[in-house]
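Chains as they are written, first to last, in this note's numbering: chain A, 124 to 362; chain B, 3 to 202.
Cβ coordinates follow ideal geometry from the N, Cα and C atoms, glycine included.
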């Protein structure tokens, strides 16, 4: 194989990305790519040129067991406390959280006025709408299905993303001494939906309030809120 | 200027975020994965797994097999997150490539069996042509769509069968009833035209 012919390298890279370079030639090219930066660059250029073709496919939701398997497989290598869904136990954190919560201006928008929104998302009911005192539009609308198996968060016009930070949602259990339980990160824009684990579901059932804290990118490095609590909202009563 | 966050009153909920903002957020999540933050991986999973799975099911033709391969993909993303920074590319292209290569490897290893058990009616479909179809990919996707349209129908079909369905040259020759050499030449010329058009 000529190793210095840019045209040849580029056409091999194209067929590699396309998938039509196969068998031994594919394996050989893979090794070459890993060794030589200029080959890798050609591959990357083709990946970026063609990716749009695959992004046109209608998305498919993976079954819940897929994530549990991934979590199991990466578990040992994850930084302590970053594993999602582990029930946190830290009494001090809660009192800080509650104290902060009390001192922060809170606007709670209960269910209602979202009929149009709900009509397009029939399976979900609004759990809470989180609005900053200075904003007209909610920062997030949080909803869940009837069984509290899935949670959806939609960023509204009032969402103000911060560079290098993430917003994290917490259930604040009513039980004395119970620690907040993370319900995951809030989208900076758009919406996201996730499955709730049994622990999250139980925490949400036993909570009449939810809170949002500002955390380092990717979420709290521990299993409890570490940053300022920006919002606390009452959970809407479910019909 | 259009607001970055969808406006609830405007019913833009569910619209894909602007590609640049999406890129920045995904890049940050990948960096957090490199720092071994498992929550960031979960977030990345929530945001990208449905798209990656669609691509893998389309190639592998069976959801269970694709889901198994999807696990490998996210373990691989976790392990290789540190490499992404040095490459400074677009995150969706990186993620999608890991998924596609994995699916193609599994397909080539298991294909005889796959053809028998394909769940044809459940395959994800390409969304019909329209303004928002090339979602999550922004300007470069619009350019690809434009350049793709300039190819001959045979070239388009060949490239789409290979990229979207994971078809080999021989598969494409069989499906289109054309000699292998003809198919190879469609693809080679199609790719060359695409590059030329995209670099303009």
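How is the beta strand (DSSP E) around residue 178 (chain A) delimited, first residue to last? For residue 178 (chain A), no beta strand (DSSP E) encloses it; the enclosing alpha helix (DSSP H) starts and ends at 160 to 178.
In terms of DSSP beta bridges, what is residue 202 (chain B) paired with? In DSSP, residue 202 (chain B) forms no bridge with anything.
Cβ-based neighbour list, residue 137 (chain A), same chain, cut-off 7 Å, excluding 5 preceding and 5 following: Here residue 137 (chain A) has 169 as same chain residues with Cβ atoms under 7 Å from its own Cβ, once five neighbours each way along the sequence are excluded.
For a cutoff of 8 Å on Cβ pairs, would you count residue 167 (chain A) as touching chain B? Residue 167 (chain A) counts as touching chain B.
N-terminal and C-terminal residue of the beta strand (DSSP E) that residue 314 (chain A) is part of: For residue 314 (chain A), the enclosing beta strand (DSSP E) covers residues 314 to 318.
Closer than 8 Å to chain B by CB, residue 143 (chain A): Yes, its Cβ sits closer than 8 Å to a Cβ of chain B.
Could you compute how far the alpha carbon of residue 281 (chain A) sits from the alpha carbon of residue 313 (chain A)? Rounded to the nearest angstrom, the two C-alpha atoms are 12 Å apart.
Determine the direct distance from the alpha carbon of residue 248 (chain A) to that of residue 196 (chain A), and round the result to whole angstroms. Using only the alpha carbons, I get a separation of about 34 Å.
Is the CB of residue 311 (chain A) under 8 Å away from at least one CB in chain B? With its beta carbon less than 8 Å from one in chain B, residue 311 (chain A) belongs to the interface.
What whole-angstrom Cβ distance do residue 96 (chain B) and residue 35 (chain B) have, given they're in contact under 8 Å? Contact flag wrong, Cβ pair sits at about 12 Å.
Could you work out which residues of chain B lie near residue 255 (chain A), taking near to mean beta carbons separated by less than 9 Å? The premise fails here: residue 255 (chain A) is roughly 13 Å from chain B at the closest Cβ pair, so nothing lies under 9 Å.
Helix or strand or just coil, what does DSSP make of residue 291 (chain A)? If DSSP states are grouped into helix, strand and coil, residue 291 (chain A) belongs with the strands.
Cβ-based burial, residue 111 (chain B) [other Cβ within 10 Å; buried from 16]: Flag for residue 111 (chain B) reads exposed.
Less than 8 Å between the C-beta atoms of residue 326 (chain A) and residue 39 (chain B), yes or no? No, the pair does not count as a contact, with Cβ atoms beyond the cut-off.
State the Cα-Cα distance for the pair residue 48 (chain B) and residue 303 (chain A), rounded to the nearest angstrom. Going by the C-alpha atoms only, they are around 22 Å apart.
Interface residues of chain A around residue 94 (chain B) at Cβ under 8 Å? Within chain A, 174, 178 have C-beta atoms less than 8 Å from the C-beta of residue 94 (chain B), given in sequence order.
Any Cβ of chain B within less than 8 Å of the Cβ of residue 247 (chain A)? Not one chain B Cβ lies under 8 Å of residue 247 (chain A).
Straight-line gap, residue 102 (chain B) to residue 58 (chain B) (C-alpha atoms, nearest Å): C-alpha separation (whole angstroms): 6 Å.
Could you tell me which of B:94, B:148, B:65 sits nearest to residue 109 (chain B), measuring between CA atoms? Taking each of B:94, B:148, B:65 in turn and checking the Cα distance to residue 109 (chain B), the smallest one comes out for B:65.
Can you tell me whether residue 356 (chain A) is helix, strand or coil according to DSSP? Strand at residue 356 (chain A).
Take residue 296 (chain A) and list the residues in its own chain whose beta-carbon comes closer than 6 Å to its own, dropping the five residues that flank it on each side. Cβ neighbours of residue 296 (chain A) beyond the five flanking positions: 326, 329, 330.
Just to confirm before moving on: does the CB-CB distance between residue 45 (chain B) and residue 341 (chain A) stay below 8 Å? Going by C-beta atoms, residue 45 (chain B) is nearer than 8 Å to residue 341 (chain A).
How far does the beta strand (DSSP E) with residue 338 (chain A) in it reach, from first residue to last? DSSP places residue 338 (chain A) inside the beta strand (DSSP E), whose first and last residues are 330 to 339.
Can you confirm whether residue 69 (chain B), when its beta carbon is compared against all beta carbons of chain A, has any partner nearer than 8 Å? Closer than 8 Å to some Cβ of chain A, the Cβ of residue 69 (chain B) qualifies, so yes.
Using a Cβ-Cβ cut-off of 8 Å, state whether residue 299 (chain A) counts as contacting chain B. Output row for residue 299 (chain A): interface = no.
Answer yes or no: does any C-beta atom of chain A fall closer than 8 Å to that of residue 53 (chain B)? Taking Cβ atoms only, chain A reaches closer than 8 Å to residue 53 (chain B), which makes this a yes.
What number of angstroms, rounded off, separates the C-alpha of residue 175 (chain A) from the C-alpha of residue 181 (chain A)? Their backbone Cα atoms lie some 12 Å apart in a straight line.
Sub-8 Å separation of residue 337 (chain A) and residue 315 (chain A) beta-carbons: No, the Cβ-Cβ distance between residue 337 (chain A) and residue 315 (chain A) is not below 8 Å.
The alpha helix (DSSP H) with residue 191 (chain A) in it runs from where to where? For residue 191 (chain A), the enclosing alpha helix (DSSP H) begins and ends at 187 to 197.
Find the residues of chain B that neighbour residue 315 (chain A), judging by a C-beta separation of less than 9 Å, and give them in chain order. Going along chain B in sequence order, the residues near residue 315 (chain A) (Cβ under 9 Å) are 45, 48, 49.
Exposed or buried, what is residue 263 (chain A) when buried is set at 16 or more other beta-carbons lying within 10 Å of its beta-carbon? By the Cβ neighbour-count rule, residue 263 (chain A) is buried, with 16 or more other Cβ atoms within 10 Å of its own.
Which one or two residues does DSSP pair with residue 194 (chain B) in a beta bridge? Note: residue 194 (chain B) sits in no beta bridge, so no partner.
Looking at chain E, is there any beta carbon in it that lies within less than 8 Å of the beta carbon of residue 285 (chain A)? Among the protein chains in the structure shown, which are A and B, there is no chain E.
Is there at least one Cβ from chain A nearer than 8 Å to residue 157 (chain B)'s Cβ? For residue 157 (chain B), the answer is no, since every Cβ of chain A falls outside 8 Å of its Cβ.
Quick one: what does DSSP say residue 271 (chain A) is sitting in, helix, strand or coil? DSSP places residue 271 (chain A) in coil when its eight states are reduced to three.
What does DSSP give as the partner residue(s) for residue 307 (chain A) in the beta ladder? Residue 307 (chain A) pairs with A:292.
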